[in-house]
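*Asks:*
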Amino acid sequence: EPEVTQTPSHQVTQMGQEVILRCVPISNHLYFYWYRQILGQKVEFLVSFYNNEISEKSEIFDDQFSVERPDGSNFTLKIRSTKLEDSAMYFCASRPGRMNTEAFFGQGTRLTVV
Amino acid sequence: DAKTTQPTSMDCAEGRAANLPCNHSTISGNEYVYWYRQIHSQGPQYIIHGLKNNETNEMASLIITEDRKSSTLILPHATLRDTAVYYCIAEGNQGGKLIFGQGTELSVKP
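From first to last, the protein sequence lines are chains A and B.
Once you know that position 105 of the first sequence is 105 in the numbering used here, the rest is easy, because the numbers rise by one and skip nothing.
Here the numbering used here runs 1000 ahead of the position in the second sequence, where the first position is 1.
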């Protein structure tokens, strides 16, 4: 079965450092997403991406965040200057269409900011 | 997207059917009802979705009331591996994002 893969599975970084979380969506999918989940809290939408541009973003997705699809296969989330409160699980998802289709989620990257 | 309401937690005996309810009284005509689950801190896993007809797949059945204001996810023979948080999501015409609530924590007990 096709799957969304995320790397690394766990990243530890110092406050103020930049991190890049990587995702390989399913190859024929057109819509891509990042979500995050702070420990013990619900899954929160960050950003959606379609046709090489952001289609929607949440209030969480401020100027320190950016997304990119650099080479047609990878989908990355960059956090420019990490804060302690950025510690969370980050999930990438992809789906073939905008509605009435299954979204596939990766297994997540656990980001720990120290 | 319509708001959904689910019980915080439920228990189910292993081998029995688990019936998870969801209220979505403000759902509009073009909003699909999706069910996902999350086991521990793994990525959410798709279970099933529907618009107005009942749906069944290898994992579960989805029963949507005729007025579409509520639905029930049925796991016909729950196993210990079905212990997870189950999310009911009403998805509308908003770019395909899924908005997760708190979900129902289902505990399947031997």
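Note that the Cβ used here is the ideal one computed from N, Cα and C, for glycine as well.
Just by C-beta distance, which residues in the segment 1065–1092 of chain B are closer than 7 Å to chain A?
*Replies:* Answer set for the segment 1065–1092 of chain B: Glu1091.
*Asks:* Hey, is Arg98/A's beta-carbon within less than 7 Å of any beta-carbon in chain B?
*Replies:* Arg98/A counts as touching chain B.
*Asks:* Is the segment 27–44 of chain A close to the segment 79–97 of chain A, with three or more CB pairs under 8 Å?
*Replies:* Taking 8 Å as the limit for Cβ pairs, the verdict is that the segment 79–97 of chain A does touch the segment 27–44 of chain A.
*Asks:* Taking three-plus beta-carbon pairs below 8 Å as touching, is the segment 63–75 of chain A in contact with the segment 1060–1073 of chain B?
*Replies:* Output reads no: the segment 1060–1073 of chain B does not touch the segment 63–75 of chain A.
*Asks:* Going along the chain, which residues of its own chain have a beta-carbon closer than 6 Å to the beta-carbon of Lys57/A, five neighbours each way excluded?
*Replies:* Same-chain partners within the cutoff: Val47.
*Asks:* Return the bridge partner residues of Ser48/A from the DSSP annotation.
*Replies:* Bridge partners of Ser48/A: Tyr33/A, Glu56/A.
*Asks:* Can you check which of these residues, Gly1029/B, Pro1110/B, Cys1088/B, is closest to Pro1021/B by C-alpha distance?
*Replies:* It is Cys1088/B whose Cα lies nearest to the Cα of Pro1021/B.
*Asks:* Check each candidate in Thr1065/B, Gln1042/B, Lys1052/B and name the one with the smallest Cα separation from Tyr1086/B.
*Replies:* Cα-wise, what sits closest to Tyr1086/B is Gln1042/B.
*Asks:* So which residues of chain A does Lys1097/B contact, with C-beta pairs closer than 7 Å?
*Replies:* Those within 7 Å of Lys1097/B in chain A are Tyr33, Phe45, Ser48, Glu56.
*Asks:* Counting only beta-carbon separations shorter than 7 Å, does Gln1042/B have a partner in chain A?
*Replies:* For Gln1042/B, the answer is yes, since a Cβ of chain A falls inside 7 Å of its Cβ.
*Asks:* With DSSP collapsed to three states, give me the class of Arg1081/B.
*Replies:* Helix at Arg1081/B.
*Asks:* Gln1102/B versus chain A: which residues are under 7 Å apart at the beta carbon?
*Replies:* The answer, in chain order, is Lys42.
*Asks:* What's the call for Gly108/A, buried or exposed, on a 16-neighbour Cβ count within 10 Å?
*Replies:* Buried is the call here.
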